[in-house]
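Each residue of the sequence shown is one higher than the one before, starting from 135 at the first, in my numbering. Glycine included, each C-beta is placed from N, C-alpha and C at the ideal position. Values in this document were obtained by computation on a predicted structure and should not be read as measured data. Here the structure comes first, spelled out in structure tokens, and everything after it is commentary.
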Amino acid sequence: MNNALLEIGTEHLPARFLLPTLEQLKNNADAILQEHRLKYVSLQTFGTYRKLVLEIKDLASVSEDIQKEVKGPPAKLLKDAEGNYTPQAAGFAAKNGLKPAQLVTVETEKGPFIYAKVKIKGEKTQKLLPGIFTEIIKSLNFPKNMVWEDSCFHFARPIRSILALYGDKVVKFEIAGVKSNRFTYPLISFGRKPIKINTPQEYTETLKNQPQPILVDIEERKTALIKTVQACAKALGYKADLDEALLTETLSFTEHPVALSGDLDIQFLTLPRELITTVLKTQLRMFPVLNDSGELQPHFIAVRDGISVNQDEVRTGFKNVMTARLTDAVFFYENDLKTGLDAMRAKLSTVNFIDGMGNMLEKTERVEKLSAQIAQALNLTQEQKAAVREAAHYAYADLTGGVVYEFSELQGYMGGVYAEKTGKNKQAAKAIGEFYYPLTASSALPSTLEGAVVSLAGKIDSLAANFAMGQIPSGSEDPYALRRQAMGVVRIMAENNFNLSVKEIVNKANSLLPKANEHTAELENFLWQRLANILETNGSSADEIAALEDVSKTPAKIIAAAEALKESRSGESLASVGQSAKRVGNILKKAGVQQTGEINPALFEQPEENALFKALEDIQNQIRPDLGLETKEAYCAILKALSAFELPLNNFFDKVMVNAENAAVKNNRINLLSAIYKVLTGSAADISKLQKRG
Numbered sequence: 135m136n137n138a139l140l141e142i143g144t145e146h147l148p149a150r151f152l153l154p155t156l157e158q159l160k161n162n163a164d165a166i167l168q169e170h171r172l173k174y175v176s177l178q179t180f181g182t183y184r185k186l187v188l189e190i191k192d193l194a195s196v197s198e199d200i201q202k203e204v205k206g207p208p209a210k211l212l213k214d215a216e217g218n219y220t221p222q223a224a225g226f227a228a229k230n231g232l233k234p235a236q237l238v239t240v241e242t243e244k245g246p247f248i249y250a251k252v253k254i255k256g257e258k259t260q261k262l263l264p265g266i267f268t269e270i271i272k273s274l275n276f277p278k279n280m281v282w283e284d285s286c287f288h289f290a291r292p293i294r295s296i297l298a299l300y301g302d303k304v305v306k307f308e309i310a311g312v313k314s315n316r317f318t319y320p321l322i323s324f325g326r327k328p329i330k331i332n333t334p335q336e337y338t339e340t341l342k343n344q345p346q347p348i349l350v351d352i353e354e355r356k357t358a359l360i361k362t363v364q365a366c367a368k369a370l371g372y373k374a375d376l377d378e379a380l381l382t383e384t385l386s387f388t389e390h391p392v393a394l395s396g397d398l399d400i401q402f403l404t405l406p407r408e409l410i411t412t413v414l415k416t417q418l419r420m421f422p423v424l425n426d427s428g429e430l431q432p433h434f435i436a437v438r439d440g441i442s443v444n445q446d447e448v449r450t451g452f453k454n455v456m457t458a459r460l461t462d463a464v465f466f467y468e469n470d471l472k473t474g475l476d477a478m479r480a481k482l483s484t485v486n487f488i489d490g491m492g493n494m495l496e497k498t499e500r501v502e503k504l505s506a507q508i509a510q511a512l513n514l515t516q517e518q519k520a521a522v523r524e525a526a527h528y529a530y531a532d533l534t535g536g537v538v539y540e541f542s543e544l545q546g547y548m549g550g551v552y553a554e555k556t557g558k559n560k561q562a563a564k565a566i567g568e569f570y571y572p573l574t575a576s577s578a579l580p581s582t583l584e585g586a587v588v589s590l591a592g593k594i595d596s597l598a599a600n601f602a603m604g605q606i607p608s609g610s611e612d613p614y615a616l617r618r619q620a621m622g623v624v625r626i627m628a629e630n631n632f633n634l635s636v637k638e639i640v641n642k643a644n645s646l647l648p649k650a651n652e653h654t655a656e657l658e659n660f661l662w663q664r665l666a667n668i669l670e671t672n673g674s675s676a677d678e679i680a681a682l683e684d685v686s687k688t689p690a691k692i693i694a695a696a697e698a699l700k701e702s703r704s705g706e707s708l709a710s711v712g713q714s715a716k717r718v719g720n721i722l723k724k725a726g727v728q729q730t731g732e733i734n735p736a737l738f739e740q741p742e743e744n745a746l747f748k749a750l751e752d753i754q755n756q757i758r759p760d761l762g763l764e765t766k767e768a769y770c771a772i773l774k775a776l777s778a779f780e781l782p783l784n785n786f787f788d789k790v791m792v793n794a795e796n797a798a799v800k801n802n803r804i805n806l807l808s809a810i811y812k813v814l815t816g817s818a819a820d821i822s823k824l825q826k827r828g
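So, in structure tokens, the structure goes:
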């Protein structure tokens, strides 16, 4: 066995392409090697913005043999009347490299047929690899492609070199006009003198030992990046803000990261913190410098690729660019403060929201009304309602500001800054700053009740408006991030224990739209699916989730019921009652019962009816809504109470015939079962949906 190595040398790949492409390279290579029946011990990918590298360790020298059965003509054509092989059988055998005597007869659904059992010998890896490596390169997909040569081969960036080895031998092939060889190349700023690679094993070390090292292994490069950035910060007497996203991006545009520090003018520290760090991280790919308390310091740390001859000139270049960008930020920020939130809000009338759903000012007015309704439903204090009203009034105002125009990721945050700077209510300013929270499916929610209310109103209005206009996510398509907003809605409602159901919040939002929402059921289901995702993450099984589906209950209650259901399923009684609930449901379905009629105990003819009715009354008293059904413990108590139906239900089914000859008695029994079914399926969960466990 030998190791194999493939390096695709390209022009500068976009940073966002690198890691997904390496993951894709690994997965595709594994699938293609399996398809060609080539065994190996391990696959590894690594690389830089100019090198996509695949290393295959201990690759078999020959592909595996396989045995396959080839179907031939019907068995009656194997031999003629004299017992000689027919021409058809002889021809089929010859076609598959066999003698007629080696053919076998196999019974199939369509009768007996002649089969040839053919052994396909494996091929040498050295012969297979040119095609395999070509197939691997062609299999890579990118968000955007380029075409640069006559064969019109598509790739993210032009391919300039291909290094392909199996052991110490070159794997020879050509793609996009580039022939494979055993050479790679140094850092882009240090010429094009080829670096010879003799075997796959020496590849990473050879690159690392160049006068200007190339750290092609990503983990090794990350360690070096963190070390060089931290060393710079330590030399300044501080620490670096090692933002994970920035670290990942920096890894993707360097082959040998070298950090250097510089100073920024102290006046820039008067800008809002997130504005400074956004300019540094997003626009300039620089690491902010912090003291032990996490406060920004007047320094920056930049990273270049390789060590330059004159680091001072490089430092000056970085500082000039940084100063220009922060000067622009100062201009936009001061301009926004002069303009003021009221004027910015008024400009929202010029910003379209969704065709058919008005502009952003009209959306703001809907969110104000909806926020007030939610605040009223939650019994907020007058002081809280005032903060909600002010936050909703200015929630979208910063969208017309200069800073957010340049840095869209600062929407909300800048509005909160402007509100605070201009003396708005402190709670309102905080709510505006956190209006778009959560920014991801699992990130932080608004930290105040006022912020949660306004954020909820903004999200549910966006969802209702998009669904009303038929803009419903399907498959992987979700251009307006509606899944993230829906997850935000259910998380805000659940984690703040809002006494509002999905159905209620959707209806409130729909009532304010300029157009009727004909997709309300789809929106409710869309929100339920997000809540189901939370339940699944928390460990609920598929049948438990099905049993809990109810958009008329609050998300907090559903989550509490889910925890109770997981805990209560260990006993036999609940499982037995669940099976009885299915039986009751089938009886009612057959009887065509639409609603529960009045139960008349005077019509009971057997003691089992009285016992079941008594159990119903006892359980109804235990699960009255006024007793408070908010916690897991409360739902555990309900499920325990439902288990008490086990014996009376079993006795009822054993002794009582529902379809009595007397119509009044029959209807009374159906009414009794209907009332019980309502309790079994609507109190904590629809336990008829629970599957029997082995």
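Delimiting residues of the beta strand (DSSP E) encompassing N137:
As a working note, residue 137 is residue 3 in the sequence shown. Start and end: N136 to T144.
Would C286 be called buried (16 or more neighbouring beta carbons within 10 Å of its own) or exposed?
The count along the sequence shown starts at 1 and reaches residue 286 at position 152. So C286 counts as exposed.
Ignoring anything shorter than 4 residues or poking outside the region 393 to 481, list the alpha helix (DSSP H) runs there in chain order.
407 to 412, 445 to 473 and 475 to 480
Roughly how far, in whole angstroms, is the beta-carbon of P422 from the beta-carbon of L409, given that I think they are within contact range, below 8 Å?
As a first step, residue 422 is located in the sequence shown; it is residue number 288 there, counting from the start. As a first step, residue 409 is located in the sequence shown; it is residue number 275 there, counting from the start. That belief does not hold up - the Cβ atoms of P422 and L409 are roughly 12 Å apart, past 8 Å.
Who pairs with H288 in a beta bridge, going by DSSP?
In the sequence shown, counting from the first residue as 1, residue 288 sits at position 154. According to DSSP, which records beta bridges pairwise, H288 is partnered with V281.
Using CA atoms only, rank isn't needed, just tell me which of A628, S596 and R625 is closest to P613.
Taking the sequence shown and counting its residues from 1, the one referred to as residue 613 is at position 479. Comparing Cα-Cα distances from P613 to each of A628, S596 and R625, the minimum goes to S596.
Does the separation of the CB atoms of E257 and V196 fall below 9 Å?
By 1-based counting over the sequence shown, the position of residue 257 is 123. By 1-based counting over the sequence shown, the position of residue 196 is 62. Closer than 9 Å, so yes.
Please name the residue in F632, R291 and E499 whose C-alpha comes closest to that of H839.
Given a span of 135 to 828 for the chain in the structure shown, any question on residue 839 remains unanswerable.
Give the straight-line distance between the Cα atoms of A681 and E701, rounded to the nearest whole angstrom.
As a working note, residue 681 is residue 547 in the sequence shown. As a working note, residue 701 is residue 567 in the sequence shown. For A681 and E701, the distance between alpha carbons rounds to 15 Å.
Taking the beta carbon of P246 as the centre, do at least 16 other beta carbons fall within 10 Å, making it buried, or is it exposed?
For the purposes of this step, residue 246 is identified with residue 112 of the sequence shown, where counting begins at 1. Exposed.
Identity of the residue in A778, P735 and A745 nearest Q756 by Cα:
Translated into the one-based positions of the sequence shown, residue 756 becomes position 622. When each option's Cα is compared against that of Q756, the closest is A778.
Would you call P648 buried or exposed, if buried means 16 or more other Cβ atoms sit within 10 Å of its Cβ?
Stepping through the sequence shown from its first residue, residue 648 is reached at position 514. Exposed, since its Cβ has fewer than 16 Cβ neighbours within 10 Å.
Closer than 8 Å is the cut-off here; do at least three beta carbon pairs connect the region 346 to 360 with the region 388 to 407?
yes
Does H653 pass the burial test, meaning 16 or more other C-beta atoms within 10 Å, or should it be called exposed?
On the sequence shown, position 519 is the one that residue 653 refers to. With 16 or more other Cβ atoms within 10 Å, it is buried.
Could you pull the start and end residues of the alpha helix (DSSP H) that S589 belongs to?
For this step, residue 589 is matched to residue 455 along the sequence shown. Residues L583 to A602.
Residues of its chain near F452, where Cβ-Cβ distance is below 7 Å and the 5 sequence neighbours each way are ignored:
As a working note, residue 452 is residue 318 in the sequence shown. Result list for F452: G396 and A436, in chain order.
Would K687 be called buried (16 or more neighbouring beta carbons within 10 Å of its own) or exposed?
Taking the sequence shown and counting its residues from 1, the one referred to as residue 687 is at position 553. Under this definition K687 is a buried residue.
Do L773 and L708 count as a contact pair if the criterion is CB distance below 9 Å?
What you label residue 708 is simply residue 574 of the sequence shown in a count that begins at 1. What you label residue 773 is simply residue 639 of the sequence shown in a count that begins at 1. In this structure, L773 lies closer than 9 Å to L708 by Cβ.
Decide if Y372 is buried, meaning its Cβ has at least 16 other Cβ atoms within 10 Å, or exposed.
Position 238 of the sequence shown, counted from the start, is the residue given in the question as residue 372. Classification of Y372: buried, given that the 10 Å Cβ count is 16 or more.
Indicate the three-state DSSP secondary structure (helix, strand or coil) for F704 in the structure shown.
The sequence position of residue 704 within the sequence shown is 570, counting from 1. Phe is not the amino acid found at residue 704; the sequence shown has Ser there. Note: S704 maps to coil in three-state DSSP.
Quick one: grab the DSSP three-state call for G217.
Taking the first residue of the sequence shown as position 1, residue 217 is located at position 83. Coil, per DSSP.
Are the beta-carbon atoms of G567 and V501 separated by less than 9 Å?
Against the sequence shown, residue 567 aligns to sequence position 433. Against the sequence shown, residue 501 aligns to sequence position 367. Result no, Cβ atoms of G567 and V501 do not sit closer than 9 Å.
Are the beta-carbon atoms of T318 and K233 separated by less than 9 Å?
For this step, residue 318 is matched to residue 184 along the sequence shown. For this step, residue 233 is matched to residue 99 along the sequence shown. It is not a contact, given that the beta carbons lie outside the stated cut-off.
May I ask you to verify whether the region 621 to 637 touches the region 601 to 608, counting CB pairs closer than 8 Å and requiring at least 3?
no
C-beta atoms of Y249 and K205 nearer than 9 Å:
Position 115 of the sequence shown, counted from the start, is the residue given in the question as residue 249. Position 71 of the sequence shown, counted from the start, is the residue given in the question as residue 205. Contact: yes.
Using beta-carbon positions only, say whether L475 and A553 come within less than 9 Å of one another.
Mapped onto the sequence shown, residue 475 falls at position 341. Mapped onto the sequence shown, residue 553 falls at position 419. Yes; because the gap between Cβ atoms is below 9 Å, this pair is in contact.
Can you look up A715 in the DSSP assignment and give me helix, strand or coil?
Sequence index remark: in the sequence shown, residue 715 carries index 581 (1-based). Helix, per DSSP.
Under a Cβ-count criterion, where at least 16 other Cβ atoms within 10 Å of its own Cβ denotes burial, should F601 be classed as buried or exposed?
In the sequence shown, the residue the question calls residue 601 occupies position 467. With 16 or more Cβ atoms within 10 Å of its Cβ, F601 is classed as buried.
Three or more C-beta pairs below 8 Å linking the region 717 to 729 and the region 654 to 670:
no
Enumerate, from N- to C-terminal direction, the unbroken alpha helix (DSSP H) stretches of 4 or more residues contained entirely within the region 715 to 756.
741 to 756
What do you reckon, are the CB atoms on V312 and I296 nearer than 9 Å?
Walking along the sequence shown from the start, residue 312 turns up at place 178. Walking along the sequence shown from the start, residue 296 turns up at place 162. Cβ distance < 9 Å, so V312 and I296 count as in contact.
In the DSSP output, what is I200 paired with across the bridge?
In the sequence shown, the residue the question calls residue 200 occupies position 66. Bridge partners of I200: I254.
With a CB to CB cut of under 7 Å and the five nearest residues on each side skipped, what residues in its chain are close to F466?
Position 332 of the sequence shown, counting from 1, holds the residue named residue 466. Hits under 7 Å: G536, V537 and E540.
Would you give the residue range spanned by the alpha helix (DSSP H) that I772 belongs to?
Translated into the one-based positions of the sequence shown, residue 772 becomes position 638. Taken as a continuous stretch (DSSP letters only), the alpha helix (DSSP H) holding I772 covers K766 to L776.
When the Cβ atoms of the region 321 to 335 are set against those of the region 435 to 450, are three or more pairs found closer than 8 Å?
yes
Span separating the alpha-carbon of T338 from that of V350:
Locating residue 338 in the sequence shown gives position 204, where the first residue counts as 1. Locating residue 350 in the sequence shown gives position 216, where the first residue counts as 1. Answer to the nearest angstrom: the Cα atoms are 7 Å apart.
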